[in-house]
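Right, one structure below, let's go through it.
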Amino acid sequence: MQAKDILHLYEEGYRNFSGLQLAGVDFGGQILVGVNFAGADLAGANFSRSFLTNANFSDANLSRANLMFAKLSGGVFVRTMMTKANFQGAFGVRADFTQASLSGSRLIYVNLRAAQLGEANFSSSNLTGSNMRNAHMSEACFDWANLSGVRLSGANINLATFRGANFEQAFLNGLHFNDMDLSGVRFKGARLKGASFKAADLTSANFVEASLQNSDFQNAQLTGANFDHAHLHRAKFVKADLRRINVAYVDWSDADLTDTCLERASVQHSAAMSQR
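Below, the structure is given as structure tokens:
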């Protein structure tokens with residue numbers, strides 16, 4: 040079945056196209072609001088600039104599909120295969136991507152505000168500049184993903200994984216990264232005011248120029264982390280491991296370093312800190 044056949048049936052009022060073989064079909068710029076493509080093979084299909092509001096793609100194959108600037112709000116992509124798909128500029132507010140596979144996908148400047156992303160796989164994907172405020176990301180995988188400049192305030196990241204991720208210049212105020220493996224993660228220039236990293240593994244993490252006022256690193260592993268030029272006013276490092284950290288030109292004023300280990304730490308030209 041070709042695109043023109045689907046579009047003709049859609050105009051006649053049909054909405055159920057589940058399970059069809061539609062690999063490589065071209066729906067660019069079309070209106071397919073509320074369409075049902077559940078279980079369909081749409082690998083390599085073109086949906087760029089299409090209107091897919093409230094569409095159902097559950098269990099479908101959208102690998103390498105083009106969804107650039109598509110309207111996806113309210114769409115259902117549960118368990119959908121979307122590896123290496125292109126979502127650049129798409130609008131997916133409140134869309135459901137639960138357990139979807141988006142590894143290696145391009146999601147630059149996508150709007151996923153309040154979207155359901157639980158248990159989804161975003162490993163090695165590019166989400167630069169995306170809006171994910173208030174999204175539900177519990178148990179999702181973002182290992183080695185590029186999250187530079189993303190907006191995540193209000194998101195639920197409980198049990199999500201971010202190994203090797205890039206959060207440079209991201210907006211992460213108030214998020215809880217407790218108990219996570221964040222070794223080597225890049226937070227350069229990120230906004231992390233009031234964020235919590237309790238008992239997290241931040242070995243060799245990069246916090247250069249990050250805003251960390253009132254953040255909490257209690258019991259965190261920070262060996263070899265770099266805080267050069269960071270803002271740590273009133274940050275808490277109670278019982279944290281700070282061996283071999285770099286803290287040049289850092290504002291440590293009123294930071295709590297109770298029972299911390301600062302062995303071989305490099306502290307240069309930094310503001311006063313408090314060891315309570």
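Read left to right, the sequence shown gives residues 40 to 315 (this note's numbering).
Ideal Cβ positions, reconstructed from N, Cα and C, are used throughout, including at glycine.
*asked:* Suppose the cutoff is 6 Å on Cβ atoms and the five residues either side in sequence are ignored; what does the same chain contact list for A229 look like?
replied: F206, A209, L211, A249
*From this set, N253, C180, R202, which residue's C-alpha is nearest L214's C-alpha?*
N253
*Leaving aside the five residues before and after K232 along the sequence, list all residues of the same chain whose C-beta is less than 8 Å from its C-beta, in chain order.*
N212, G213, S250, L251, Q252, N253, S254
*Any idea what DSSP makes of D44, helix, strand or coil?*
helix
*Hey, T200 and M219: beta-carbon distance below 9 Å or not?*
yes
_Rounded separation between K110 and S292 - CA only_ = 47 Å
*Integer-rounded CB distance, given that F76 should sit under 8 Å from A94*: 7 Å
*asked:* Tell me the rounded alpha-carbon separation between D290 and F116.
replied: 45 Å
_Rounded C-alpha distance that separates D80 from L296_ = 56 Å
*Whole-angstrom distance between F161 and I284, CA atom to CA atom*: 30 Å
*Tell me which same chain residues have a C-beta within less than 8 Å of the C-beta of D98, skipping the five on either side of it?*
A77, G78, V117, R118, T119
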